[in-house]
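Undergrad: Got a structure for you, written out below as structure tokens; questions coming shortly.
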């Protein structure tokens with residue numbers, strides 16, 4: 371198990387290497403299929419949530435007319451119907467997706483950059499700096515993710531931005547772990563020693579030498595993490611600490627739909643299905659990339 | 003020749019020898035070392051929870067007194083609550099109290115936080131324990147069957163389903179289960195909780211859906227992990243070749259040889275993920291109305307009941323660290339390389 | 033019951049890898065009589081390990097085996113899995129190179145030996161335990177009783193290897209294959225283990241195939257030597273004959289490479305120059321050509337056939353060494 375990116379595993383995200391076994395046995399994910407199809411799906415979802423509302427005939431997700439409440443699917447002008455307050459459900463789905471994706475992207479980006487840097491610094495310098503940083507990271511990782519996010523979010527108050535902060539406390543340490551492990555591996559290689567000996571400054575080391583070599587692994591991890599972050603964001607919104615209504619997010623849509631689940635389950639199932647499909651796509655993409663690039 | 007001593011005494015002597023070795027250094031020193039390593043983490047974790055609770059924007063005293071409060075009243079309350087003392091002092095004081103169980107009193111009900119936790123914790127433990135047991139009990143056989151014929155029908159199916167299972171949010175699963183089993187089929191209750199003391203059967207009925215909601219993710223995760231590790235063992239390890247060379251049947255090689263070694267890795271990883279699992283109880287308990295600490299946390303947040311929130315966050319953090327420690331200890335007890343230490347001549 | 037316990041004819045093993053086919057063993061022919069010791073000598077990648085694993089069917093699924101391996105009048109190539117399992121351990125057994133990795137670290141020694149016993153005969157735990165004890169005493173492992181309860185990491189390398197031998201002998205095999213069984217051990221232990229194997233072989237009437245890269249070892253213990261290079265047998269003769277009348281330039285070079293006491297100290301060791309060939313690229317000529325002092329264009333163009341040029345002495349070379357060798 372030594373070669374597994376254990377931190378990925380530690381962060382609770384889709385688990386470690388099948389691909390050694392899969393590659394040997396001939397594989398289901400072989401070739402481009404493993405990456406192309408999920409990539410297309412992810413691209414499509416992004417297009418739908420970010421581009422289509424701008425260019426297409428999508429009514430606004432809020433400020434609906436109460437007289438239009440709870441229209442069924444395929445009503446005129448509302449292809450998925452409306453919610454109990456009159457907002458177009460299709461629009462809510464798209465805008466909700468946008469909110470959830472925005473948050474997840476931001477969180478993973480922060481994790482990638484900040485966490486990546488912290489991990490690389492820790493691994494590069496080693497010694498007591500490394501040990502201290504690792505201890506601090508251990509503390510964050512030991513904390514149950516959702517509880518931490520909930521605690522922070524409740525202190526800050528519900529908003530999209532605060533959700534991003536709260537979830538970053540989860541993604542930064544996890545990403546730092548991966549980055550540290552990857553940097554440790556890279557550090558041992560001779561070209562790094564050569565660069566050090568020739569007096570390369572630290573920023574240049576990081577940008578020019580270390581970053582390009584750890585980036586594939588970090589990116590793969592970031593992609594795999596999108597799924598769990600979206601689920602966590604959904605959980606936060608579900609308990610009222612994430613994106614505040616009336617602005618939609620898949621999480622708060624699911625929460626709102628809960629009360630009418632027996633009468634009209636679509637309010638729960640539509641955002642749930644959207645979330646599921648999105649998370650599956652990200653997971654498949656991450657796994658496909660990892661199989662393609664191999665564990666390093 | 004060989005059997006001068008009767009065969010019966012041999013296992014007994016061996017057992018005595020084993021006990022003697024256990025009481026001696028290797029395991030105990032390992033456990034002690036792990037305990038020591040866990041202490042700074044415990045400090046860190048409690049400090050973090052204290053920081054989170056106390057340094058976020060928003061004046062606690064002001065919150066409590068409301069918008070009409072005069073600055074003098076606020077200041078008075080601050081002194082009373084000890085909020086004027088330096089941060090670290092407050093942490094240390096709080097920690098002292100917390101460790102002995104003086105966690106304050108609920109602002110809404112007046113009940114001591116410790117007693118609230120006392121009644122809520124066992125419920126959450128039962129829920130998580132249940133989820134855990136179901137997941138592991140299913141993960142092992144599924145992984146074994148998958149690893150038996152890699153890329154076979156069973157393998158592909160299980161990998162597909164486990165990928166799907168990993169991608170489902172626990173709260174989504176919970177609602178789907180409620181819709182199917184409670185609303186449509188009406189076989190399981192959607193809300194509520196019956197303690198096992200009252201009726202074990204009912205207790206299980208109320209626990210099944212929440213436990214599955216939490217446990218599915220863990221199940222899929224463990225299945226994939228175990229399968230990957232089993233395959234690694236079967237395809238890469240020399241002792242597997244030895245076993246095959248003895249003429250041992252493939253299924254037996256898998257279960258008697260590879261599985262043992264794979265389970266070790268599983269223990270460590272599962273321990274690391276228990277934190278996330280516990281985290282989701284917050285949402286799941288809310289959906290199913292289970293009176294555990296997750297549900298309590300949410301209610302406290304709604305009521306702005308700071309002492310309760312603090313207490314719960316603290317307990318959550320400590321539990322996760324202790325669980326990781328327990329996993330380490332378990333590992334050390336089970337792995338013979340650690341248990342029996344260095345080679346003897 | 034034929035004299036010949038094992039007859040390998042035209043054995044060929046191909047590996048499919050990434051679309052390429054690598055021929056690890058090519059047209060290997062040799063035989064082993066009951067009670068005989070045959071040494072298979074070669075560098076890493078020469079195919080000696082692959083060919084012996086083929087006998088027991090222990091190759092990965094990417095391997096394709098053609099040719100014939102007749103063991104005890106049973107054709108092993110293409111043998112069904114169940115029948116093959118019946119032969120493993122019972123008919124032919126193997127001792128591996130690295131006893132550290134070849135024993136299950138989480139299983140007690142006793143359990144591992146008992147498994148070898150109970151796979152082939154219906155024995156109760158108690159009687160299997162007794163038999164395990166006997167086996168450990170047979171391989172001269174001291175404090176056998178205690179060792180049975182211990183785990184592999186609690187034993188030294190030499191002891192572990194003895195345990196491996198005990199496991200191999202558990203079902204009384206007719207043929208034992210020792211695959212670099214002493215390579216990982218220090219010289220003293222090496223000698224002890226080889227002595228043990230020879231002693232056991234004589235006592236139990238077992239045939240032995242010893243795989244090694246060490247010609248010196250073969251000289252001391254083998255009846256017949258098969259020299260392999262690049263997947264092919266290049267020379268084969270009874271030991272005495274091989275050493276006194278070496279013919280293949282490769283064998284010659286191996287012999288010369290053995291350090292000798294009578295050489296002047298600090299004299300450079302005569303290593304075999306060059307590298308073993310890349311098995312994925314098959315040249316038409318003799319594979320030893322780039323490293324051979326006797327190489328000519330004929331060698332590059334046509335691979336020489338492996339033939340019996342003198343009674344009991346086979347080789348494959350266009351320009352063998354002149355008769356006689358330094359020893």
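Protein chains in written order, with our numbering: chain A, 371 to 666; chain B, 3 to 347; chain C, 33 to 359. Glycine residues also receive a C-beta, built at the ideal position from the N, C-alpha and C atoms. Everything numeric in this text was worked out from a predicted model, so none of it was measured.
If distances are taken between C-alpha atoms only, which option among B/267, B/53, B/294 and B/237 comes closest to residue 281 of chain B?
TA: B/294
Undergrad: May I ask you to verify whether the stretch 307 to 317 of chain B touches the stretch 115 to 135 of chain B, counting CB pairs closer than 8 Å and requiring at least 3?
TA: Touching, yes, given that three or more Cβ pairs across the two stretches are closer than 8 Å.
Undergrad: Answer yes or no: do residue 618 of chain A and residue 494 of chain A have a C-beta to C-beta separation smaller than 9 Å?
TA: For the pair residue 618 of chain A and residue 494 of chain A, the CB atoms are not nearer than the 9 Å cut-off.
Undergrad: What's the C-alpha gap between residue 135 of chain B and residue 568 of chain A?
TA: 57 Å
Undergrad: Can the beta-carbon of residue 52 of chain B be found closer than 9 Å to that of residue 109 of chain B?
TA: no
Undergrad: Pick out whichever of C/323, C/212, C/232 and C/345 has its Cα sitting closest to the Cα of residue 271 of chain C.
TA: Just measuring C-alpha positions, the residue of C/323, C/212, C/232 and C/345 sitting nearest residue 271 of chain C is C/345.
Undergrad: What does the alpha-carbon distance come out to for the pair residue 135 of chain C and residue 111 of chain C?
TA: 27 Å
Undergrad: Name, please, each residue of chain B whose Cβ falls closer than 7 Å to the Cβ of residue 147 of chain C.
TA: Those are 248 and 250, listed as they occur along chain B.
Undergrad: Buried or exposed, going by whether 16 or more other CB atoms sit within 10 Å of the CB of residue 195 of chain B?
TA: Around the CB of residue 195 of chain B, 16 or more other CB atoms lie within 10 Å, so the residue is classed as buried.
Undergrad: If you scan the stretch 95 to 149 of chain C from start to end, which runs of the beta strand (DSSP E) of 3 or more residues do you find wholly inside it?
TA: 95 to 103 and 124 to 127
Undergrad: Using a beta-carbon distance below 9 Å, is residue 304 of chain B in contact with chain C?
TA: no
Undergrad: Give the DSSP-derived three-state secondary structure of residue 292 of chain B in the structure shown.
TA: coil
Undergrad: Leaving aside the five residues before and after residue 218 of chain B along the sequence, list all residues of the same chain whose C-beta is less than 8 Å from its C-beta, in chain order.
TA: Counting only Cβ-Cβ distances below 8 Å, and skipping sequence neighbours, we find 137, 167, 170, 172 and 175.
Undergrad: So residue 180 of chain C and residue 202 of chain C are in contact, right, with Cβ under 8 Å, and what is the actual spacing, rounded?
TA: Contact flag wrong, Cβ pair sits at about 13 Å.
Undergrad: I'd like to know if residue 229 of chain B contacts chain C, where contact means its C-beta is closer than 9 Å to some C-beta of that chain.
TA: It does not: the Cβ of residue 229 of chain B has no partner Cβ on chain C nearer than 9 Å.
Undergrad: Does the beta carbon of residue 110 of chain B sit closer than 9 Å to a beta carbon anywhere in chain A?
TA: By this cut-off, residue 110 of chain B is not an interface position.
Undergrad: With contact counted as at least three CB pairs below 8 Å, one residue from each stretch, are the stretch 40 to 47 of chain C and the stretch 57 to 70 of chain C in contact?
TA: yes
Undergrad: Report the three-state DSSP secondary structure of residue 449 of chain A (helix, strand or coil).
TA: coil
Undergrad: At which residues does the alpha helix (DSSP H) containing residue 288 of chain C begin and terminate?
TA: 281 to 289
Undergrad: If you pair each beta-carbon of the stretch 286 to 301 of chain B with each one of the stretch 117 to 133 of chain B, do three or more pairs fall below 8 Å?
TA: Yes: at least three Cβ pairs fall under 8 Å.
Undergrad: List, in chain order, every chain A residue whose beta-carbon is nearer than 7 Å to that of residue 211 of chain B.
TA: The contacting residues do not exist; residue 211 of chain B stays about 13 Å from chain A at best.
Undergrad: Is there at least one Cβ from chain B nearer than 9 Å to residue 56 of chain C's Cβ?
TA: no
Undergrad: Closer than 9 Å, CB to CB, is residue 333 of chain B near chain C or not?
TA: no
Undergrad: Taking contact to mean at least 3 C-beta pairs separated by less than 8 Å, is the stretch 589 to 596 of chain A in contact with the stretch 146 to 155 of chain B?
TA: In the pairwise beta carbon analysis, the stretch 589 to 596 of chain A is classified as not touching the stretch 146 to 155 of chain B: fewer than three pairs are separated by under 8 Å.
Undergrad: Taking its Cβ as the centre, do 16 or more other Cβ atoms sit within 10 Å of residue 49 of chain C, making it buried, or is it exposed?
TA: exposed
Undergrad: For residue 276 of chain C, tell me which candidate among C/287, C/94 and C/260 has the shortest Cα-Cα distance.
TA: C/287
Undergrad: If the cut is a Cβ gap below 7 Å, which residues of chain C does residue 309 of chain B touch?
TA: Contact note: residue 309 of chain B does not reach chain C at a C-beta cutoff of 7 Å; the least C-beta distance is about 48 Å.
Undergrad: Where residue 220 of chain C and residue 552 of chain A are concerned, what is the direct C-alpha to C-alpha distance, given to the nearest angstrom?
TA: When rounded, the distance between both Cα atoms is 43 Å.
Undergrad: Using only the heavy atoms of the ligand GTP, determine whether one of them is closer than 8 Å to the beta carbon of residue 219 of chain B.
TA: Absent from the structure shown: the ligand GTP. Ligands present: none.
Undergrad: So residue 35 of chain C and residue 66 of chain C are in contact, right, with Cβ under 8 Å, and what is the actual spacing, rounded?
TA: Sure, about 7 Å apart at Cβ, within 8 Å.
Undergrad: Please determine, among B/75, B/93 and B/267, the residue with the shortest C-alpha to C-alpha distance to residue 225 of chain B.
TA: B/267
Undergrad: In the stretch 622 to 633 of chain A, which residues sit with their C-beta less than 9 Å from some C-beta in chain B, listed in chain order?
TA: 624, 625, 627, 628, 631 and 632
Undergrad: Select from B/277, B/338, B/329 and B/187 the residue whose C-alpha is nearest the C-alpha of residue 262 of chain B.
TA: B/338
Undergrad: Roughly how many angstroms lie between the CA atoms of residue 322 of chain B and residue 232 of chain B, to the nearest whole one?
TA: 27 Å
Undergrad: Count the other CB atoms, across all protein chains shown, that sit within 10 Å of the CB of residue 405 of chain A; report buried if there are 16 or more and exposed otherwise.
TA: buried
Undergrad: Taking any Cβ of chain B, which residues in the stretch 181 to 207 of chain C have a Cβ under 7 Å from it, in chain order?
TA: For the stretch 181 to 207 of chain C, the beta-carbon criterion of a distance under 7 Å to any beta-carbon of chain B is satisfied by 181, 183, 185, 186, 187, 188 and 199.
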